[in-house]
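Visitor:
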Amino acid sequence: MATATPSEDYTEDKSSTKGHRYVCPICLESLKTPRSLPCLHTFCEDCLQTFITSAVGNQQQGISCPVCRKQIMAPESGLPYDKWAKSFPINYYLSAQTEVHSDIKTEIENCVFCERSSKITPAEHFCKNCTEAICDACKNFHQNVPSLKNHNILTLEYYKKNPIIPEMDEICPYHPSKVIEVYCSDHSKMCCSVCFATKHRHCKDVKAIEECAEDLPEGVIKDISTKLESLLKSVEEEIKGKEKIGEKRMKCKEEIVVKMTQCVEAAKKNLDILLKKFESDVDNHDSSAESQLQNILKILQGIKTSVVGDMQMLETANEFGSKTQVFVALEKAKTQMNEQLKQISDVASGSLSDGYTVGLEKVEEVCKLKSIGNVHSLMSTSSAVTLGTLDIMESFINDADFQRKQRLIHLEPHKIKWVEKWTYKLPGTYYGATVFGKKVAVVTEEKKIVVFSRAGEKLFEHSIPYDEVPTGISSSHENKVYISFKGHKILKEYEIDNNKITEVNQISLQGVAEGFCIFDDQIVHTSGEYVYISNKNGQLINSLPMIISSGYIAFLVGCQRQRMFYHINDKNVICRRLDKDTTTKILLSEFTESPRGLGIDFQNNVYVCCRRGNKLLQISHKDHSVRVALEVDCYTIAFHPDGMSFVLIDYDGNLRFYTISE
19 MATATPSEDY TEDKSSTKGH RYVCPICLES LKTPRSLPCL HTFCEDCLQT
69 FITSAVGNQQ QGISCPVCRK QIMAPESGLP YDKWAKSFPI NYYLSAQTEV
119 HSDIKTEIEN CVFCERSSKI TPAEHFCKNC TEAICDACKN FHQNVPSLKN
169 HNILTLEYYK KNPIIPEMDE ICPYHPSKVI EVYCSDHSKM CCSVCFATKH
219 RHCKDVKAIE ECAEDLPEGV IKDISTKLES LLKSVEEEIK GKEKIGEKRM
269 KCKEEIVVKM TQCVEAAKKN LDILLKKFES DVDNHDSSAE SQLQNILKIL
319 QGIKTSVVGD MQMLETANEF GSKTQVFVAL EKAKTQMNEQ LKQISDVASG
369 SLSDGYTVGL EKVEEVCKLK SIGNVHSLMS TSSAVTLGTL DIMESFINDA
419 DFQRKQRLIH LEPHKIKWVE KWTYKLPGTY YGATVFGKKV AVVTEEKKIV
469 VFSRAGEKLF EHSIPYDEVP TGISSSHENK VYISFKGHKI LKEYEIDNNK
519 ITEVNQISLQ GVAEGFCIFD DQIVHTSGEY VYISNKNGQL INSLPMIISS
569 GYIAFLVGCQ RQRMFYHIND KNVICRRLDK DTTTKILLSE FTESPRGLGI
619 DFQNNVYVCC RRGNKLLQIS HKDHSVRVAL EVDCYTIAFH PDGMSFVLID
669 YDGNLRFYTI SE
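Set out below in structure tokens:
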């Protein structure tokens with residue numbers, strides 16, 4: 019029987035995480051009944067169930083993790099969603115930590131086994147395997163029962179003061195009904211029996227978990243803990259950096275709103291001043307016109323009075339005067355009339371203002387404004403995770419390409435240069451290519467998979483025993499590819515082991531997969547009329563309409579790290595997020611050169627093959643500006659998952675391999 023006592027194995031943690039409170043990402047309180055999703059993020063059972071209830075309905079097949087957004091399938095097929103949380107495994111590691119600071123342990127006084135027999139016996143020990151407090155007698159009983167004698171028993175005092183992880187089998191995150199049994203060193207994966215049988219049966223270095231545990235190198239825990247502390251520090255610095263960016267953005271937001279408000283207020287004030295000046299100008303014009311009018315009216319009124327006097331004079335002379343007097347009156351009237359006619363003619367020939375016109379063009383331009391200013395985001399990055407972090411983590415992440423990528427990650431998109439390393443003339447017609455691990459694979463109209471090394475050497479080819487022509491190929495990790503077929507609603511999954519290719523699965527889809535991409539938990543494919551989003555079993559999650567008029571293949575590419583995918587929609591390149599916001603379209607750019615193949619580099623810049631013009635275009639991830647990355651004939655493009663190399667296939671069947679130039 020194994021009886022544990024306080025020893026070096028159970029020494030309190032003196033690291034920087036000592037006293038760290040494990041909190042639920044949903045409620046931000048200490049974890050209660052911690053349950054872990056397959057993505058390894060842990061939540062309170064009640065919080066997780068509340069989230070599941072709010073996020074799904076009876077028709078849903080899964081949820082997105084609240085932290086990483088990874089698609090999580092139902093724990094069991096047909097299980098009601100109100101029981102999902104209880105079906106996810108308990109995180110006993112965090113449960114043990116949270117129980118140390120709870121009152122549950124201090125309340126344990128009596129032997130649980132004896133209580134079931136209606137006896138009250140003080141507990142002195144704790145069985146990790148039974149997860150029960152026991153007395154001396156029950157401890158001795160354990161020793162005499164073959165199935166119990168190997169149980170790990172601690173003193174109750176030690177149990178109350180320290181975190182204790184129950185002796186429980188580790189549940190497989192992909193097959194909840196199975197437990198972890200073996201470890202594949204080839205892929206650094208813990209596997210259940212199903213994982214081993216379906217994905218690792220050809221691997222060479224597979225051992226039982228217990229055997230691996232016994233062979234742990236001395237000091238490995240301290241080594242990994244040190245590296246994790248370094249990583250934690252870098253993450254915390256990165257959080258601070260991102261928070262500073264957020265603070266800077268909010269400050270900038272307030273500043274530009276104040277500036278625009280000041281400009282608008284100044285513009286309004288200026289408009290008020292200009293309006294008053296305009297009113298004054300109108301008054302001045304009108305006063306002058308009124309004065310001119312009154313002067314003319316005064317002249318005409320005088321002429322009128324004179325004419326009336328002449329008429330009275332002539333009438334009086336004619337009625338009461340002599341002939342001589344009449345003659346004289348007539349002559350005076352004639353002379354006066356000629357003078358009056360001249361005056362009237364002079365007045366009539368002059369112009370008077372009878373109204374006004376005004377130029378409203380400038381004011382109308384203001385009225386027609388749809389915007390008073392365009393807002394553009396200034397992209398910024400924090401630099402907490404840098405080469406300093408990589409130096410500390412060197413033995414943990416010993417990957418030259420990864421470190422090289424970190425050196426180039428902040429390079430301006432327009433400064434990225436690509437160098438052609440090799441070209442291979444492909445016989446026949448080739449529809450698609452993929453780059454994975456240290457290999458390049460293409461599919462042919464002759465129903466073959468042809469595999470090359472990244473150095474340009476043809477390694478081998480494999481005939482595909484299927485009636486239809488393969489039209490697309492994509493990889494999910496180093497030894498697995500998926501292939502679509504013309505006019506068929508299926509994907510075939512193949513495993514590549516050395517020079518051998520084996521079909522391991524066939525996935526039925528909702529629509530024809532003319533173009534497709536593979537995510538960890540989902541499949542996105544296009545039929546030319548719709549974009550379909552399915553889980554890895556082919557069950558439909560969402561469908562979105564699209565337009566394809568530029569070619570037979572509906573080109574599409576996915577960005578695993580950003581959980582986004584891009585596709586051709588008529589002559590546009592559209593970006594969509596692989597979450598609940600999948601219906602939101604982001605127009606990146608419009609082309610007239612008939613866009614074809616799509617690719618994404620290590621910065622998330624998008625590359626577009628253009629049929630006309632023989633060029634590969636780059637769409638910047640910063641501002642969506644477009645530039646010519648390469649002057650080259652190209653039909654389809656496929657990037658390596660690290661985004662630092664790619665292959666092109668042109669219309670003449672040339673396979674070209676490019677890497678980034680420093």
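So for the sequence shown, my numbering puts the first residue at 19; every next one is plus one.
The beta carbon of each residue, even a glycine, is placed where N, CA and C say it ideally should be.
Mind pulling the alpha helix (DSSP H) runs of 4 or more residues that sit fully within the stretch 149 to 234?
Guide: DSSP runs (the alpha helix (DSSP H)) wholly in the stretch 149 to 234: 154 to 162, 174 to 179, 211 to 217, 227 to 232.
Visitor: Are the beta-carbon atoms of LYS465 and TYR442 separated by less than 8 Å?
Guide: Numbered from 1 along the sequence shown, position 447 holds the residue referred to as residue 465. Numbered from 1 along the sequence shown, position 424 holds the residue referred to as residue 442. Not a contact, by the Cβ cut-off of 8 Å.
Visitor: Please return the same chain residues whose Cβ sits closer than 6 Å to the Cβ of PHE144, not counting the five positions on each side in sequence.
Guide: Against the sequence shown, residue 144 aligns to sequence position 126. Here the set comprises ALA151, LEU172, LEU174, TYR177.
Visitor: Buried or exposed: CYS385, going by 16 or more other Cβ atoms within 10 Å of its Cβ?
Guide: Mapped onto the sequence shown, residue 385 falls at position 367. By the 10 Å Cβ count, CYS385 comes out exposed.
Visitor: Could you tell me the alpha carbon to alpha carbon distance between GLN528 and LYS554, rounded to whole angstroms?
Guide: Counting from 1 along the sequence shown, the entry for residue 528 is found at position 510. Counting from 1 along the sequence shown, the entry for residue 554 is found at position 536. The alpha-carbon atoms of GLN528 and LYS554 are separated by roughly 12 Å.
Visitor: Please classify CYS535 as buried or exposed, where buried requires at least 16 neighbouring CB atoms within 10 angstroms.
Guide: In the sequence shown, residue 535 corresponds to position 517, counting from 1. Answer is buried; the Cβ neighbour count reaches 16.
Visitor: Which residues does DSSP list as the beta-bridge partners of ILE514?
Guide: Residue 514 sits at position 496 when you count from the first residue of the sequence shown. According to DSSP, ILE514 bridges with ILE519.
Visitor: Would SER481 and GLY490 qualify as a contact pair, given that the criterion is a beta-carbon distance under 8 Å?
Guide: Within the sequence shown, the letter at position 463 stands for residue 481. Within the sequence shown, the letter at position 472 stands for residue 490. Not in contact: SER481 and GLY490 (Cβ atoms no closer than 8 Å).
Visitor: Let me check one thing: in DSSP terms, what residues is LEU648 bridge-paired to?
Guide: Start at 1 with the first residue of the sequence shown, and residue 648 comes out as number 630. Answer by DSSP bridge pairing, in chain order: LEU634.
Visitor: Considering only the alpha carbon of each residue, which of CYS270, LEU112, ILE70 lies closest to PRO12?
Guide: Nothing can be reported for residue 12: it is not among the residues displayed for the chain, which extend from 19 to 680.
Visitor: Put VAL542 into one of helix, strand or coil per three-state DSSP.
Guide: Within the sequence shown, residue 542 is the residue found at index 524, counting from 1. It is a strand residue.
Visitor: Relative to the C-alpha of GLY617, which residue among GLN578, ASP641, PRO235 is closest?
Guide: Here residue 617 is taken as the residue at index 599 of the sequence shown, counted from 1. Comparing Cα positions, the closest option is GLN578.
Visitor: Quick check on ILE257: does DSSP put it in helix, strand or coil?
Guide: Residue numbering aside, residue 257 sits at position 239 when the sequence shown is read from its first letter. The answer is helix: DSSP assigns ILE257 an H, G or I state.
Visitor: Report the three-state DSSP secondary structure of GLY446 (helix, strand or coil).
Guide: The residue given as residue 446 occupies position 428 in the sequence shown. In this structure, GLY446 counts as coil in the three-state DSSP scheme.
Visitor: Tell me whether GLU486 sits in a helix, a strand or coil according to DSSP, three-state version.
Guide: As a working mapping, residue 486 is identified with position 468 in the sequence shown. Reduced to three states, the DSSP call for GLU486 is coil.
Visitor: Entirely within the stretch 318 to 392 and at least 4 residues each: give me those alpha helix (DSSP H) ranges in chain order.
Guide: Taking only runs of at least 4 residues, the alpha helix (DSSP H) segments lying wholly in the stretch 318 to 392 are 341 to 367, 379 to 385.
Visitor: Enumerate in chain order the residues of its own chain whose CB-to-CB distance from SER54 is below 7 Å, with the five nearest sequence positions on each side excluded.
Guide: Residue 54 sits at position 36 when you count from the first residue of the sequence shown. Within the same chain, SER54 has close Cβ partners THR60, PHE106, PRO107, ASN109.
Visitor: In whole angstroms, give me the CA-to-CA distance for SER400 and THR244.
Guide: As a working mapping, residue 400 is identified with position 382 in the sequence shown. As a working mapping, residue 244 is identified with position 226 in the sequence shown. Bear in mind that a pLDDT of 48 at SER400, under 50, signals an unreliable position, so the number given afterwards is only what the model happens to contain. C-alpha separation (whole angstroms): 23 Å.
Visitor: From GLY406 to LYS240, what does the alpha carbon distance come to, in whole angstroms?
Guide: As a position in the sequence shown, residue 406 is number 388, starting the count at 1. As a position in the sequence shown, residue 240 is number 222, starting the count at 1. Unreliable positioning characterises GLY406 in this predicted model, as indicated by a pLDDT of 38, which lies under 50. The coordinate reading is nonetheless provided below. Rounded to whole angstroms, GLY406 to LYS240 spans 20 Å at the Cα level.
Visitor: Span of the alpha helix (DSSP H) holding GLU63?
Guide: Counted from its first residue, the sequence shown places residue 63 at position 45. Here the alpha helix (DSSP H) through GLU63 covers 63 to 73.
Visitor: Quick check: the Cα distance between PHE131 and THR139, rounded to an integer number of angstroms?
Guide: Within the sequence shown, the letter at position 113 stands for residue 131. Within the sequence shown, the letter at position 121 stands for residue 139. So the alpha carbons of these two residues sit roughly 9 Å apart.
Visitor: Between ASN622 and the rest of its own chain, which residues show a CB-CB distance below 7 Å, the 5 nearest in sequence each way excluded?
Guide: The count along the sequence shown starts at 1 and reaches residue 622 at position 604. Taken in chain order, the residues that qualify are CYS577, GLN580, HIS639.
Visitor: Would a C-beta distance cut-off of 8 Å place GLU532 and THR520 closer than the cut-off?
Guide: Locating residue 532 in the sequence shown gives position 514, counting from the first residue. Locating residue 520 in the sequence shown gives position 502, counting from the first residue. For GLU532 and THR520, no; Cβs fall outside 8 Å.
Visitor: Report the option in CYS57, ASP538, PHE573 whose CA atom is closest to the CA atom of TYR548.
Guide: In the sequence shown, counting from the first residue as 1, residue 548 sits at position 530. Considering only alpha carbons, the answer is PHE573.
Visitor: Could you pull the start and end residues of the beta strand (DSSP E) that CYS145 belongs to?
Guide: Walking along the sequence shown from the start, residue 145 turns up at place 127. That run of the beta strand (DSSP E) goes 143 to 145.
Visitor: For the structure I just gave you, are there three or more beta carbon pairs, one from the stretch 339 to 348 and one from the stretch 307 to 317, closer than 8 Å?
Guide: The stretch 339 to 348 is not in contact with the stretch 307 to 317.
Visitor: Can you have a look at HIS220 and say buried or exposed, based on whether 16 or more other CB atoms are within 10 angstroms of its CB?
Guide: On the sequence shown, residue 220 is found 202 positions in, with the first residue counted as 1. That one is exposed.
Visitor: Please tell me whether VAL460 and LEU673 are closer than 8 Å, where the distance is taken between their beta carbons.
Guide: Residue 460 sits at position 442 when you count from the first residue of the sequence shown. Residue 673 sits at position 655 when you count from the first residue of the sequence shown. Yes, these two residues count as a Cβ contact at 8 Å.
Visitor: With C-beta atoms as the reference, is CYS148 less than 8 Å away from CYS129?
Guide: The count along the sequence shown starts at 1 and reaches residue 148 at position 130. The count along the sequence shown starts at 1 and reaches residue 129 at position 111. Taking 8 Å as the Cβ cut-off, CYS148 and CYS129 do not qualify as a contacting pair.
Visitor: Between GLN636 and PRO431, is the Cβ-Cβ spacing less than 8 Å?
Guide: By 1-based counting over the sequence shown, the position of residue 636 is 618. By 1-based counting over the sequence shown, the position of residue 431 is 413. Yes, they are a contact pair.
Visitor: Label PHE664 either buried or exposed according to how many other C-beta atoms from any shown protein chain fall within 10 Å of its C-beta, with 16 as the threshold for buried.
Guide: Counted from its first residue, the sequence shown places residue 664 at position 646. With 16 or more other Cβ atoms within 10 Å, it is buried.
Visitor: Locate the alpha helix (DSSP H) running through ALA103, then write down its first and last residues.
Guide: Counted from its first residue, the sequence shown places residue 103 at position 85. It spans 102 to 105 - the alpha helix (DSSP H) in which ALA103 sits, taken as one unbroken run.
Visitor: Thinking PRO43 and VAL85 are a contact (beta carbons under 8 Å), I'd like their distance in whole angstroms, please.
Guide: Counting from one through the sequence shown, the residue named residue 43 turns up at place 25. Counting from one through the sequence shown, the residue named residue 85 turns up at place 67. Sure, about 5 Å apart at Cβ, within 8 Å.
Visitor: Would you mind reading off the limits of the alpha helix (DSSP H) that contains GLU94?
Guide: Your numbering for residue 94 matches position 76 in the sequence shown. Where GLU94 is concerned, there is no enclosing alpha helix (DSSP H), given that its DSSP letter is neither H nor E.
Visitor: Mind checking whether ILE678 and TRP440 have CB atoms under 8 Å apart?
Guide: As a working note, residue 678 is residue 660 in the sequence shown. As a working note, residue 440 is residue 422 in the sequence shown. The answer is no: Cβ separation not under 8 Å.
Visitor: In this structure, does DSSP put VAL591 in helix, strand or coil?
Guide: Counting from 1 along the sequence shown, the entry for residue 591 is found at position 573. The answer is strand: DSSP assigns VAL591 an E or B state.
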